[in-house]
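Q: Sending over a structure as structure tokens; questions will come in a sec.
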Amino acid sequence: MNSIRQRLLFWQIAALIVTSVLVSVFTYLLAWQAFNRVRDFGMEQIAASVVRHGVRTHSWSIALPEHAEPLASARHAPQANPPPWVTDDLGRFISQIWSRDGDLLYASVEGTGPPLQSPGFHDVQWAGEAWRVFTQMDDEEIVQVAKTASDRSSSFAELAPWLLVPVALLVLLLSALIRLAVNRALAPLDALGLDIRGREEDDLRPLGTTGLPDEVAPLGRAINQLLARVSWLLQRQRQMLADAAHELNTPLAAVKLQAQLARRSQDHERDAALDELDRGIARSTHLVAQLLQMARVEADGREHQRMPVRLDTLAADVVAAFSAAAEARDIDLGLERSEAATVLADPDDLRLLLDNLVDNALRHTPRGSRVDVRVSQRAGEVRLAVDDNGPGIAEADRQRVLERFVRLNPQSDATGSGLGLAIVAHTAQANGGLLTLASSPPGGLSVRVTFRAHPAETHPA
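The opening position of the sequence shown corresponds to residue 4 in the working numbering, with each subsequent residue numbered one higher.
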């Protein structure tokens with residue numbers, strides 16, 4: 004049962020039924036006690052009426068059948084089965100008058116009736132029946148009134164159903180009201196779902212949250228936040244597609260032009276034209292690769308598999324991988340003496356981050372420069388730094404270069420596409436790192452990424 008409406012109805016109506024059963028039981032018990040008190044009061048009134056009207060011994064004649072035994076000394080008479088003329092009269096009130104000496108002077112039935120009791124109410128067994136007996140003593144006589152318990156029970160049984168009818172009607176009425184209340188309470192959720200289902204695929208307008216209940220309003224606000232993030236993501240994707248189309252247009256046009264020039268060139272000029280064509284193809288290939296990396300990082304569609312990674316070992320691998328490219332540009336690329344440092348991150352993301360940091364430094368530093376990679380650990384933090392002695396970046400522009408397709412000097416001979424630092428920023432953030440840009444000691448740029456240190460000692464990258 005996954006429906007909130009069905010759950011609410013089930014538990015509320017179940018609670019109503021259980022409560023009604025308990026109330027019915029208590030009502031039955033209280034009514035039974037009240038009924039007995041009323042019947043007891045009636046017996047008291049009958050006894051008091053006999054006493055009040057001054058009935059005396061000489062005014063009574065005991066009507067007994069000719070074969071009946073004497074009634075004297077009946078106080079302690081044995082509880083034998085009564086004769087038939089007594090049992091035929093069971094279920095009616097039995098009135099008895101006794102003398103102060105315990106002699107039965109009058110009985111309203113043909114028989115002795117229940118034995119004489121002390122003053123007050125008593126429950127006795129007589130003639131195979133349970134009897135309720137009330138005894139009242141006067142100065143000269145003792146009046147005793149008796150009634151069978153079965154008669155009381157049958158009389159109350161006729162009244163009991165009328166006690167349960169209001170409870171049953173109450174359960175039915177409240178069940179209908181509970182169902183109506185639940186439907187009305189959940190109506191905003193139904194309206195919210197109807198609004199969402201009725202929208203077009205590109206309709207990302209915020210949902211109306213005015214008038215929503217306090218419990219539903221947070222859901223509406225959360226959906227609006229999700230819609231805002233989706234709208235922002237779609238806008239960035241559209242902007243990225245536009246920027247990618249613009250960025251690819253230039254190198255592709257240059258490749259086309261260089262191919263035409265190579266076709267028209269003489270043999271001694273063709274090699275130079277083909278070299279230019281190779282550089283254009285390399286730039287286009289690098290741009291496409293970085294566009295794919297940026298799309299993967301920004302979309303964040305995959306789950307990051309965080310695990311302990313030796314950052315110093317990974318840095319050494321990256322430096323070794325870029326050593327040939329650095330040598331081709333006459334750049335001194337090296338790994339400074341680094342401490343053994345372990346971080347908790349996605350290994351693929353860290354490799355992507357290091358590749359872009361080193362590649363960006365090699366592309367934007369002039370020939371004969373120096374690029375140093377360093378890993379250090381201090382106070383529970385691991386810092387990865389890539390320093391160069393190139394032209395650096397002015398402090399006012401350091402935040403702007405973290406955006407996509409931002410090149411501070413488009414006229415330079417650098418072959419970058421303006422995506423390297425943006426990819427580094429997104430990757431660091433996704434893995435809990437903090438990216439900062441500063442000036443390196445030689446005067447160039449120092450890119451630093453700080454991670455929280457992992458307590459593991461050694462783990463292969």
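Each residue gets a CB set at the ideal place from its N, CA and C atoms; glycine is no exception.
Is it right to say Phe454 is buried, meaning 16 or more other beta carbons lie within 10 angstroms of its own, or is it exposed?
A: Buried, since its Cβ has 16 or more Cβ neighbours within 10 Å.
Q: Where Ala34 and Val174 are concerned, what is the direct C-alpha to C-alpha distance, given to the nearest angstrom?
A: Approximately 20 Å between the Cα atoms of the pair.
Q: Could you check which residue in Val233, Val168, Pro311, Ser443 has the C-alpha nearest to that of Asp205?
A: For the residues Val233, Val168, Pro311, Ser443, the minimum Cα distance to Asp205 belongs to Val233.
Q: What is the DSSP secondary structure of Glu47, reduced to helix, strand or coil?
A: Residue state, collapsed to three classes: helix.
Q: Would you give the residue range spanned by the beta strand (DSSP E) that Phe137 belongs to?
A: Residues 132 to 140.
Q: The alpha helix (DSSP H) that contains Pro169, what's its start and end?
A: It spans 152 to 188 - the alpha helix (DSSP H) in which Pro169 sits, taken as one unbroken run.
Q: Can the beta-carbon of Asp489 be found less than 8 Å from the beta-carbon of Thr439?
A: As displayed, the chain neither begins before 4 nor continues past 464, which places residue 489 out of reach and without an answer.
Q: If we count the other Cβ atoms within 10 Å of its Cβ and call it buried at 16 or more, is Asn84 buried or exposed?
A: Reliability of the predicted coordinates at Asn84 is poor, the pLDDT of 48 falling under 50, and the value obtained from them is presented with this limitation in mind. When all chains shown are included, Asn84 counts as exposed.
Q: Give a yes or no on whether the C-beta atoms belonging to Val376 and Val427 are separated by under 8 Å.
A: Taking 8 Å as the Cβ cut-off, Val376 and Val427 do not qualify as a contacting pair.
Q: Is Val89 helix, strand or coil by DSSP?
A: Summary for Val89: the model assigns pLDDT 45, below 50, so the residue's position carries little reliability; its value from the coordinates is reported in the next sentence. Note: Val89 maps to helix in three-state DSSP.
Q: Go ahead and pull the three-state DSSP assignment for Leu422.
A: Correct three-state label for Leu422: coil.
Q: Taking 8 Å as the cut-off, does the segment 16 to 31 touch the segment 101 to 120 (at least 3 CB pairs, one atom from each stretch)?
A: Judged by Cβ distances under 8 Å, the segment 101 to 120 makes no contact with the segment 16 to 31, as fewer than three pairs qualify.
Q: Kindly list the residues whose CB is nearer than 8 Å to the CB of Ser379, restricted to its own chain and excluding five residues on each side of it in sequence; keep chain order.
A: Counting only Cβ-Cβ distances below 8 Å, and skipping sequence neighbours, we find Ser341, Glu342, Ala344, Val385, Arg386, Ala388.
Q: Under the assumption that Gly507 contacts Gly395 (Cβ atoms under 8 Å), give the Cβ distance between them as a whole number of angstroms.
A: Nothing in the structure corresponds to residue 507, since the chain is present only between 4 and 464.
Q: My understanding is that Leu207 touches Leu244, with C-beta atoms under 8 Å, so please give their C-beta distance in whole angstroms.
A: The Cβ separation is near 18 Å, so there is no contact.
Q: Below 8 Å on the Cβ atoms is my guess for Asn359 versus Arg373; work out the distance and round it to an integer in Å.
A: Their Cβ separation, rounded to whole angstroms, is 19 Å, which puts Asn359 and Arg373 out of contact at 8 Å.
Q: From what residue to what residue does the beta strand (DSSP E) around Ala335 run?
A: Position check: residue 335 holds Asp in this sequence, whereas Ala was assumed. 335 to 338 is the span of the beta strand (DSSP E), which, as asked, contains Asp335.
Q: What does the alpha-carbon distance come out to for the pair Gly201 and Val170?
A: Looking at the two C-alpha atoms, the distance is approximately 45 Å.
Q: Mind checking who Gln99 pairs with in its DSSP beta bridge?
A: According to DSSP, which records beta bridges pairwise, Gln99 is partnered with Ala110, Gln147.
Q: Could you pull out every residue in the same chain whose Cβ sits closer than 6 Å to the Cβ of Arg267, ignoring the five residues on either side in sequence?
A: Cβ within range, chain order: n/a, list empty.
Q: Whose C-alpha, out of Gln139, Pro350, Trp165, is nearest the C-alpha of Thr30?
A: Taking only the C-alpha atoms, the option nearest Thr30 is Trp165.
Q: Taking the Cβ atom as the reference point for each residue, do Glu256 and Leu264 lie within a distance shorter than 8 Å?
A: In the sequence as displayed, the identity of residue 256 is Ala instead of Glu. Not in contact: Ala256 and Leu264 (Cβ atoms no closer than 8 Å).
Q: Below 7 Å CB to CB, which residues in the same chain sit around His61 once its five sequence neighbours on both sides are set aside?
A: The predicted position of His61 is uncertain, since its pLDDT is 44 and thus under 50; a value taken from the coordinates is nonetheless stated next. No residues qualify anywhere along the chain.
Q: Under 8 Å between C-beta atoms, does Ala37 make it to chain E?
A: Given the protein chain composition of this structure (a single chain), no chain E is represented.
Q: For His457 and Val346, what's the separation of their Cα atoms in angstroms?
A: Rounded to whole angstroms, His457 to Val346 spans 5 Å at the Cα level.
Q: For the ligand MG, is there any heavy atom lying closer than 7 Å to the beta carbon of Glu143?
A: In the structure shown, the ligand MG is absent, as is every other ligand, since no ligand is present at all.
Q: Check whether the segment 143 to 156 touches the segment 40 to 50, taking contact to mean three or more Cβ pairs, one atom from each stretch, closer than 8 Å.
A: Enough Cβ pairs lie closer than 8 Å, so yes.
Q: Assuming Leu405 and Leu424 are in contact, meaning their beta carbons sit under 8 Å apart, how far apart are those beta carbons, in whole angstroms?
A: That belief holds up - the Cβ atoms of Leu405 and Leu424 are roughly 5 Å apart, short of 8 Å.
Q: Exposed or buried, Glu144, counting other C-beta atoms within 10 Å across all chains shown (16 or more means buried)?
A: Looking at its Cβ environment, which holds 16 or more other Cβ atoms inside 10 Å, Glu144 is buried.
Q: Can you tell me which of the three DSSP states Thr430 falls into?
A: Correct three-state label for Thr430: helix.
Q: Could you give the residue range of the alpha helix (DSSP H) that holds Glu330?
A: First-last of the alpha helix (DSSP H) with Glu330: 326 to 331.
Q: Nearest-angstrom Cα distance between Leu195 and Ala364?
A: Their Cα atoms are separated by approximately 52 Å.
Q: State the Cα-Cα distance for the pair Asp349 and Asp362, rounded to the nearest angstrom.
A: About 20 Å.
Q: Closest to Leu167 by C-alpha separation, out of Ala328, Ile20, Ala397, would be which residue?
A: Nearest C-alpha to Leu167: Ile20.
Q: State the beta-bridge partners of Gln240 as determined by DSSP.
A: BP columns for Gln240 are empty, so no partner.
Q: DSSP has Trp129 in a bridge; who is on the other side?
A: Its beta-bridge partners are Glu132.
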